[in-house]
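**Student:** Right, I'll just put the structure down here and ask away after.
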Amino acid sequence: MSVIGTFSPSRDGGWIGTIRTLTLDAGVRFVPNDSRETERAPAFRVMIAGHRIGDAWAARSKAEPPRDYLRVRLDDPGLPRPITAALFPDGGGETANLVWSRNAPR
259 MSVIGTFSPS
269 RDGGWIGTIR
279 TLTLDAGVRF
289 VPNDSRETER
299 APAFRVMIAG
309 HRIGDAWAAR
319 SKAEPPRDYL
329 RVRLDDPGLP
339 RPITAALFPD
349 GGGETANLVW
359 SRNAPR
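Using the working numbering, read the sequence shown as starting at 259 and increasing by one per residue.
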């Protein structure tokens with residue numbers, strides 16, 4: 259697993275930070291999805307400069323004790339395929355890390 263982003267809470271109840279990889283260095287915001295109509299709808303929209311590049315869903319780990327996090331899916335025409343990651347807030351909710359790991363080949 260690799261940390262590809264660091265975030266802090268934003269005033270609107272979301273997260274603001276930066277994603278950095280070998281090919282990406284961008285300021286990103288997780289904006290609360292106030293227009294959710296179902297439980298399956300994303301809890302957050304992932305935005306760069308006002309453009310939606312992905313979504314995030316609230317989730318809870320199966321570990322003991324359980325840990326709340328966001329399942330994240332990022333997509334962009336410049337990517338060969340969508341990126342899936344997870345945003346893990348620290349215990350106090352002051353910071354969060356966006357963690358990515360490569361899927362094992364099938």
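Beta carbons are placed, not taken as given, at the ideal position from N, Cα and C, and that holds for glycine. These numbers come from a predicted model, not from an experiment.
First and last residue of the beta strand (DSSP E) that includes T248?
**Tutor:** What the structure shows of the chain is the stretch from 259 to 364, and residue 248 is not part of that stretch, so it cannot be assessed.
**Student:** Tell me the rounded alpha-carbon separation between E297 and Y327.
**Tutor:** When rounded, the distance between both Cα atoms is 16 Å.
**Student:** M305 and R287 look like a contact to me (Cβ under 8 Å); what is the Cβ gap, rounded to whole Å?
**Tutor:** Sure, about 5 Å apart at Cβ, within 8 Å.
**Student:** For L337, which residues does DSSP report across the bridge?
**Tutor:** The partner list for L337 (beta bridge, DSSP) is empty, contrary to what the question assumes.
**Student:** Evaluate P313 with the Cβ neighbour count: other Cβ atoms within 10 Å of its Cβ, from every protein chain shown; 16 or more gives buried, anything less gives exposed.
**Tutor:** In the sequence under discussion, the amino acid at residue 313 is Asp, which differs from the Pro named in the question. Under this definition D313 is a buried residue.
**Student:** Closest to G285 by C-alpha separation, out of I274, N361, I341 and M259, would be which residue?
**Tutor:** Ranking I274, N361, I341 and M259 by Cα distance to G285 puts I274 first.
**Student:** So which of A299, R303, P340 and P324 has the shortest CA-CA distance to P290?
**Tutor:** Residue R303 is the option with its Cα nearest to P290.
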